[in-house]
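In our numbering, the protein residues as written are 472 to 554.
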(Lines of atoms letter the chains of each structure in order from A; the text may use other names.)
(Lines give C-alpha, C1' and ligand atoms only; values in the text may rest on other atoms or scores of the structure.)
Protein backbone atom coordinates (compact mmCIF):
# COMPACT_ATOMS: atom_id res chain seq x y z
CA UNK A 472 0.00 0.00 0.00
CA UNK A 473 1.00 3.61 -0.48
CA UNK A 474 0.43 6.36 2.04
CA UNK A 475 0.44 10.15 1.92
CA UNK A 476 1.62 12.29 4.80
CA UNK A 477 -1.26 14.14 6.42
CA UNK A 478 -1.02 17.92 6.18
CA UNK A 479 0.05 19.26 9.57
CA UNK A 480 1.45 22.66 10.45
CA UNK A 481 4.77 22.67 12.28
CA UNK A 482 7.10 25.40 13.50
CA UNK A 483 10.72 25.42 12.40
CA UNK A 484 13.81 27.59 12.57
CA UNK A 485 17.05 27.50 10.58
CA UNK A 486 19.80 26.98 13.10
CA UNK A 487 22.45 29.73 13.06
CA UNK A 488 20.78 31.27 9.96
CA UNK A 489 17.54 32.87 11.20
CA UNK A 490 17.96 36.16 13.05
CA UNK A 491 16.44 34.94 16.30
CA UNK A 492 15.62 31.64 17.93
CA UNK A 493 12.03 31.12 19.14
CA UNK A 494 11.09 30.64 22.79
CA UNK A 495 10.44 26.91 22.27
CA UNK A 496 14.03 26.47 21.08
CA UNK A 497 15.49 28.40 24.01
CA UNK A 498 13.28 26.44 26.44
CA UNK A 499 14.88 23.23 25.12
CA UNK A 500 18.35 24.74 25.57
CA UNK A 501 17.47 25.58 29.17
CA UNK A 502 16.29 22.03 29.93
CA UNK A 503 19.29 20.49 28.06
CA UNK A 504 17.18 18.87 25.34
CA UNK A 505 19.23 20.98 22.91
CA UNK A 506 22.92 21.46 23.60
CA UNK A 507 24.59 24.16 21.49
CA UNK A 508 28.28 24.12 20.63
CA UNK A 509 30.67 26.96 19.74
CA UNK A 510 31.40 25.37 16.33
CA UNK A 511 27.86 26.16 15.10
CA UNK A 512 26.43 22.69 15.70
CA UNK A 513 23.99 21.45 18.31
CA UNK A 514 22.94 18.11 19.73
CA UNK A 515 19.23 17.38 20.11
CA UNK A 516 17.99 14.67 22.43
CA UNK A 517 15.12 12.81 20.72
CA UNK A 518 13.22 9.60 21.40
CA UNK A 519 15.46 7.93 18.81
CA UNK A 520 18.65 9.14 20.50
CA UNK A 521 20.82 12.22 20.21
CA UNK A 522 20.86 13.83 16.76
CA UNK A 523 23.35 16.43 15.52
CA UNK A 524 22.29 19.59 13.69
CA UNK A 525 24.67 21.68 11.63
CA UNK A 526 24.51 25.38 10.82
CA UNK A 527 21.63 25.93 8.41
CA UNK A 528 19.71 22.78 9.33
CA UNK A 529 16.07 23.25 10.21
CA UNK A 530 15.08 22.53 13.79
CA UNK A 531 11.45 21.40 13.82
CA UNK A 532 8.94 21.61 16.64
CA UNK A 533 6.65 18.64 16.02
CA UNK A 534 2.94 18.27 16.68
CA UNK A 535 3.56 16.64 20.08
CA UNK A 536 6.16 19.19 21.22
CA UNK A 537 9.12 17.07 20.13
CA UNK A 538 12.12 18.72 18.47
CA UNK A 539 14.35 17.25 15.79
CA UNK A 540 16.71 18.42 13.05
CA UNK A 541 16.09 18.23 9.31
CA UNK A 542 18.53 18.89 6.47
CA UNK A 543 17.47 21.79 4.21
CA UNK A 544 17.04 19.66 1.07
CA UNK A 545 14.69 17.22 2.83
CA UNK A 546 12.83 20.10 4.50
CA UNK A 547 12.21 21.81 1.15
CA UNK A 548 10.82 18.55 -0.33
CA UNK A 549 8.57 17.92 2.67
CA UNK A 550 7.27 21.30 3.83
CA UNK A 551 5.92 24.51 2.34
CA UNK A 552 5.32 27.87 4.00
CA UNK A 553 1.81 28.67 5.26
CA UNK A 554 0.26 32.09 5.63
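Even for Gly, the Cβ is constructed at its ideal location relative to N, Cα and C. Since the model is a prediction, treat every value here as computed from it, not as a measurement.
N-terminal and C-terminal residue of the alpha helix (DSSP H) that residue 507 is part of: As a position in the chain shown, residue 507 is number 36, starting the count at 1. Element bounds for residue 507: not the alpha helix (DSSP H) but the beta strand (DSSP E), 505-507.
For residue 475, three-class secondary structure by DSSP: By 1-based counting over the chain shown, the position of residue 475 is 4. In the structure shown, residue 475 sits in coil (DSSP, three-state: anything other than H, G, I, E or B).
C-beta contact flag for residue 512 and residue 502 at 7 Å: What you label residue 512 is simply residue 41 of the chain shown in a count that begins at 1. What you label residue 502 is simply residue 31 of the chain shown in a count that begins at 1. No, they are not a contact pair.
Endpoints, alpha helix (DSSP H) assigned at residue 540: What you label residue 540 is simply residue 69 of the chain shown in a count that begins at 1. That residue, residue 540, is in no alpha helix (DSSP H); its beta strand (DSSP E) goes 538-541.
Contact belief for residue 467 with residue 515 at Cβ below 8 Å, rounded distance in angstroms: Residue coverage of the chain in this structure runs from 472 to 554, which leaves residue 467 outside it and unanswerable.
Residue 476 Cβ short of 6 Å to the ligand HEM heavy atom set: Absent from the structure shown: the ligand HEM. Ligands present: none.
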